[in-house]
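Have a look at the structure below, then the notes.
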């Protein structure tokens with residue numbers, strides 16, 4: 004039995020040895036697996052680490068998300084503050100620009116108002132001098148009507164700056180007074196020539212009947228008696244023609260100004276071409292102006308010698324200079340103002356909206372300033388002393404630069420030099436002739452002859 008147990012032990016040991024040998028030497032034998040309990044522990048530890056890592060990463064992600072949201076909210080808040088600050092700065096800038104523009108406008112208005120006030124003061128002082136010396140009322144009434152021209156132009160231009168919406172109405176007033184002054188100047192010439200009596204003017208025109216042009220045939224319905232009957236009838240017809248041609252301008256000018264204002268207020272786009280109402284109105288104005296000035300010039304050329312003492316041409320220049328200068332000045336300003344605009348309509352609108360003054364505003368400012376100088380010019384050419392009894396024309400009595408006197412002195416010096424050179428040349432020629440002439444007489448006679456020649460040369464130099 005013992006042997007059997009020993010054999011079994013040996014067999015088991017042999018199996019163990021074989022198994023160990025097979026374990027040690029067989030390459031295809033599987034590895035010995037660790038115990039099951041240790042494997043479970045490692046799996047648990049791995050799982051725990053994985054869960055912990057995921058939890059940590061989740062917490063970090065949540066923290067980063069919260070921090071990112073906080074930064075986003077802070078950026079949004081700061082951007083809002085920046086936008087509000089930008090709007091505040093833009094609003095402040097626009098307010099400053101508006102204030103600066105208002106100050107500029109106020110300064111320009113003050114300057115224009117100052118010149119307008121000075122122009123009115125000078126004109127009122129001038130009118131006062133005529134009222135104090137109203138020696139010839141039939142003439143000086145016309146002068147005072149003419150003197151209102153500068154204040155009317157200045158006041159209408161000044162109020163056109165203050166009230167742009169009333170510019171059209173004020174322009175009608177200015178156009179009416181312009182035409183009225185043209186007729187009043189013709190009435191002034193008639194009053195000066197006739198001393199308030201129309202028949203005297205007719206008689207003076209009849210004295211120049213041979214040089215008078217026949218009146219227009221389309222005005223024959225106004226003439227009674229017909230101009231062919233006598234020189235007096237012709238002179239009366241010519242005077243009536245001149246008055247009618249100047250008077251029609253007084254009615255047509257305001258009428259065309261009113262029609263132009265109405266059309267401009269009703270117009271939506273640009274004016275048309277040659278068939279547009281504006282072009283037709285402009286042609287009517289030009290024809291009316293031509294007829295008015297043709298009548299005025301016809302009368303002036305007929306009696307210019309009789310009116311030369313009162314210098315009517317200088318008076319006419321101070322009147323028509325206002326009209327012509329303001330017209331051409333406005334045209335040039337309009338051309339310059341629109342020369343810098345772009346072809347694109349949007350750019351043109353932007354530039355016009357950004358510009359502080361329009362061409363008309365600049366024209367009004369210049370008119371307010373210039374009327375002061377025209378008021379002073381009227382004061383010089385329409386003096387109140389001119390209508391006093393016994394008045395004598397003053398030649399060169401006004402403020403001048405004395406260029407004529409200077410030129411006269413220069414000519415005197417040049418003429419003196421020429422006479423001196425001629426005298427020296429004649430004396431030299433006389434002496435040469437005396438030397439070359441044959442000797443005659445005694446020495447005393449030759450000396451006397453030479454002395455006589457020198458004396459005559461001296462006398463010629465003195466002359």
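Numbering (our numbering), first residue to last: 4 to 466. Backbone N, C-alpha and C fix where the C-beta goes; we use that ideal spot for every residue, glycine too.
Exercise. Rounded to a whole number of angstroms, what is the C-alpha to C-alpha distance between residue 89 and residue 99?
Worked result: Numbered from 1 along the chain shown, position 86 holds the residue referred to as residue 89. Numbered from 1 along the chain shown, position 96 holds the residue referred to as residue 99. Using only the alpha carbons, I get a separation of about 15 Å.
For this session: May I have the straight-line CA-CA distance separating residue 56 from residue 43, to the nearest angstrom?
Result: Taking the first residue of the chain shown as 1, we reach residue 56 at position 53. Taking the first residue of the chain shown as 1, we reach residue 43 at position 40. Approximately 20 Å between the Cα atoms of the pair.
For this session: Report buried or exposed for residue 439, applying the criterion of at least 16 other Cβ atoms within 10 angstroms of its Cβ.
Result: Here residue 439 refers to the residue found at position 436 of the chain shown. The residue in question, residue 439, is exposed, as its Cβ has fewer than 16 Cβ neighbours within 10 Å.
Problem set entry | Collapsed DSSP secondary structure at residue 402 in the structure displayed | Translated into the one-based positions of the chain shown, residue 402 becomes position 399. Unreliable placement is indicated for residue 402, whose pLDDT of 48 sits below 50; the coordinate value is still reported in the next sentence. DSSP places residue 402 in coil when its eight states are reduced to three.
Exercise. Would residue 96 be called buried (16 or more neighbouring beta carbons within 10 Å of its own) or exposed?
Worked result: Here the question's residue 96 lines up with position 93 in the chain shown. Exposed.
Exercise. When we look at the beta-carbon of residue 304 and count the other beta-carbons within 10 Å, is it buried (16 or more) or exposed?
Worked result: Taking the first residue of the chain shown as position 1, residue 304 is located at position 301. Answer is exposed; the Cβ neighbour count stays below 16.
Exercise. What number of angstroms, rounded off, separates the C-alpha of residue 191 from the C-alpha of residue 146?
Worked result: As a working note, residue 191 is residue 188 in the chain shown. As a working note, residue 146 is residue 143 in the chain shown. Cα to Cα, residue 191 sits roughly 7 Å from residue 146.
Exercise. Taking all protein chains shown into account, do 16 or more other C-beta atoms lie within 10 angstroms of the C-beta of residue 115, making it buried, or fewer, making it exposed?
Worked result: Reading the chain shown from its first residue, position 112 is the one you call residue 115. By the 10 Å Cβ count, residue 115 comes out buried.
Exercise. Three-state secondary structure (DSSP) at residue 198?
Worked result: For the purposes of this step, residue 198 is taken as residue 195 along the chain shown, with counting starting at 1. If DSSP states are grouped into helix, strand and coil, residue 198 belongs with coil.
For this session: Please look up how many angstroms separate the CB atoms of residue 189 and residue 224, rounded, as I've assumed it's under 8 Å.
Result: Against the chain shown, residue 189 aligns to sequence position 186. Against the chain shown, residue 224 aligns to sequence position 221. Wrong, their Cβ atoms sit about 21 Å apart, outside the cutoff.
Exercise. Hey, residue 125 and residue 299 are a contact pair by Cβ (cut 8 Å); roughly how many whole angstroms apart?
Worked result: What you label residue 125 is simply residue 122 of the chain shown in a count that begins at 1. What you label residue 299 is simply residue 296 of the chain shown in a count that begins at 1. Not confirmed; about 26 Å, so no contact.
For this session: Over the uninterrupted alpha helix (DSSP H) stretch that includes residue 303, give me the two end residues.
Result: Taking the first residue of the chain shown as position 1, residue 303 is located at position 300. Run containing residue 303: 280 to 306, per the alpha helix (DSSP H) assignment.
Exercise. Do the stretch 236 to 245 and the stretch 277 to 295 touch if we need at least three Cβ pairs shorter than 8 Å?
Worked result: no
For this session: Pull up the CB-CB distance for residue 252 and residue 291, whole angstroms please, since I reckon it's below 8 Å.
Result: On the chain shown, position 249 is the one that residue 252 refers to. On the chain shown, position 288 is the one that residue 291 refers to. Their Cβ separation, rounded to whole angstroms, is 5 Å, which keeps residue 252 and residue 291 in contact under 8 Å.
Exercise. Can the beta-carbon of residue 187 be found closer than 8 Å to that of residue 149?
Worked result: Looking up residue 187 in the chain shown gives position 184. Looking up residue 149 in the chain shown gives position 146. Yes, they are a contact pair.
Exercise. What first and last residue would you give for the alpha helix (DSSP H) that runs through residue 327?
Worked result: By one-based count along the chain shown, residue 327 stands at place 324. Looking at the DSSP string, the run of the alpha helix (DSSP H) that includes residue 327 is 315 to 342.
Exercise. Taking contact to mean at least 3 C-beta pairs separated by less than 8 Å, is the stretch 166 to 180 in contact with the stretch 414 to 424?
Worked result: no
Problem set entry | Inter-residue CB distance, residue 317 and residue 185 (contact presumed, cutoff 8 Å) | As a position in the chain shown, residue 317 is number 314, starting the count at 1. As a position in the chain shown, residue 185 is number 182, starting the count at 1. Rounded, the Cβ-Cβ distance is 16 Å, inconsistent with contact.
Problem set entry | Contact the stretch 202 to 213 vs the stretch 230 to 239: 3+ CB pairs below 8 Å | yes
Exercise. Residue 139 by DSSP, collapsed to three states: which one?
Worked result: The count along the chain shown starts at 1 and reaches residue 139 at position 136. Correct three-state label for residue 139: coil.
Problem set entry | Among 417, 163, 181 and 142, the one whose alpha carbon lies nearest that of residue 195 | Numbered from its first residue, the chain shown carries residue 195 at position 192. Out of 417, 163, 181 and 142, 142 has the C-alpha closest to the C-alpha of residue 195.
Problem set entry | N-terminal and C-terminal residue of the alpha helix (DSSP H) that residue 361 is part of | The sequence position of residue 361 within the chain shown is 358, counting from 1. It is not in any alpha helix (DSSP H) - residue 361 carries neither H nor E in the DSSP assignment.
Exercise. What's the C-alpha gap between residue 127 and residue 327?
Worked result: Reading the chain shown from its first residue, position 124 is the one you call residue 127. Reading the chain shown from its first residue, position 324 is the one you call residue 327. Each residue's alpha carbon lies about 24 Å from the other.
Exercise. Just how far apart, CA to CA, sit residue 138 and residue 325?
Worked result: Walking along the chain shown from the start, residue 138 turns up at place 135. Walking along the chain shown from the start, residue 325 turns up at place 322. About 28 Å.
For this session: List the endpoints of the continuous alpha helix (DSSP H) containing residue 237.
Result: Taking the first residue of the chain shown as position 1, residue 237 is located at position 234. That run of the alpha helix (DSSP H) goes 234 to 269.
For this session: Classify residue 230 as helix, strand or coil using the three-state DSSP reduction.
Result: Stepping through the chain shown from its first residue, residue 230 is reached at position 227. Correct three-state label for residue 230: coil.
Problem set entry | Secondary structure of residue 386, DSSP reduced to three states | As a position in the chain shown, residue 386 is number 383, starting the count at 1. Coil.
Exercise. So, is residue 202 buried or exposed, given that buried needs 16 or more other C-beta atoms within 10 angstroms?
Worked result: The sequence position of residue 202 within the chain shown is 199, counting from 1. Its Cβ having fewer than 16 others within 10 Å, residue 202 is exposed.
For this session: List the endpoints of the continuous alpha helix (DSSP H) containing residue 496.
Result: The requested residue 496 is not part of the displayed model; the chain covers only 4 to 466.
For this session: Using alpha carbons as the reference points, say which of 50, 85, 360 and 48 lies closest to residue 165.
Result: Here residue 165 is taken as the residue at index 162 of the chain shown, counted from 1. Minimum Cα distance to residue 165 is reached at 360.
Problem set entry | Simplified DSSP state of residue 216, which is helix, strand or coil | Position 213 of the chain shown, counted from the first residue, corresponds to residue 216. Looking at residue 216 - three-state DSSP - the assignment turns out to be coil, as it is neither helix nor strand.
Exercise. In angstroms, rounded to a whole number, what distance separates the CA positions of residue 144 and residue 105?
Worked result: Reading the chain shown from its first residue, position 141 is the one you call residue 144. Reading the chain shown from its first residue, position 102 is the one you call residue 105. Cα to Cα, residue 144 sits roughly 43 Å from residue 105.
For this session: State the DSSP-derived secondary structure class of residue 76, mapped to helix, strand or coil.
Result: Here residue 76 is taken as the residue at index 73 of the chain shown, counted from 1. Of the three classes helix, strand and coil, the one that applies to residue 76 here is helix, per DSSP.
Exercise. Are residue 163 and residue 377 close, meaning C-beta to C-beta below 8 Å?
Worked result: By one-based count along the chain shown, residue 163 stands at place 160. By one-based count along the chain shown, residue 377 stands at place 374. The answer is no: Cβ separation not under 8 Å.
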